[in-house]
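Single-structure report; data block below.
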Amino acid sequence: MRIRCTNPECEFDHVNTRVHHITGDKAAGMPTIAEFCEASGFIGLLADYAFAAHNAKQAGRHHPYKSLSAHGIEMPEVSTVDTREMSANAIGIGRLVHACAHFGIPFENRHDATACVSW
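So for the sequence shown, numbering that gives the first Met the number 0 puts the first residue at 0; every next one is plus one.
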């Protein structure tokens, strides 16, 4: 299952739209988080893998938990890898642009999750 976003079933925050360029039009017709989890087996995968994201402990983990909870789906406790925290500890600053520069990672399409995972 390849999707670019899920339908959050709520209004888009203007800040998130500005940052991630995801609008209601782009999410129209996309599955809800509950539909995505059921179709992909996402919840089952969490038992075997770590949840890794930049700013995972503050935002990255919060949003799936909140969305799934609204559907009565319990997200299991998962190991979390927060690259923002790792970067802050390693180089003294947690911004993604600085971490990428320090570790020689191309910094393109910074708010496109698909582009980030296919690097």
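Note that the Cβ used here is the ideal one computed from N, Cα and C, for glycine as well.
Treat the numbers as computed from the prediction; the structure is a model and nothing was measured.
Rounded distance between the beta-carbons of residue j and residue i, thought under 8 Å
i	j	result
T31	E10	Not a contact, Cβ separation roughly 15 Å.
A98	T79	Not confirmed; about 17 Å, so no contact.
H53	L95	5 Å
I42	M85	That pair is no contact at about 25 Å.
Host beta strand (DSSP E) of residue i (start-end)
i	result
T79	T79 to D81
F41	That residue, F41, is in no beta strand (DSSP E); its alpha helix (DSSP H) goes F41 to L45.
Chain-order list of residues whose beta-carbon lies under 8 Å from that of residue i (same chain, five-residue window excluded)
i	result
H70	T31, I32 and A33
T16	T22
Other residues of its chain near residue i: CB distance less than 6 Å, five sequence neighbours each side excluded
i	result
E107	none
N6	A26, M29 and T31
Alpha helix (DSSP H) segment containing residue i, residue limits
i	result
A100	L95 to F102
A69	H61 to A69
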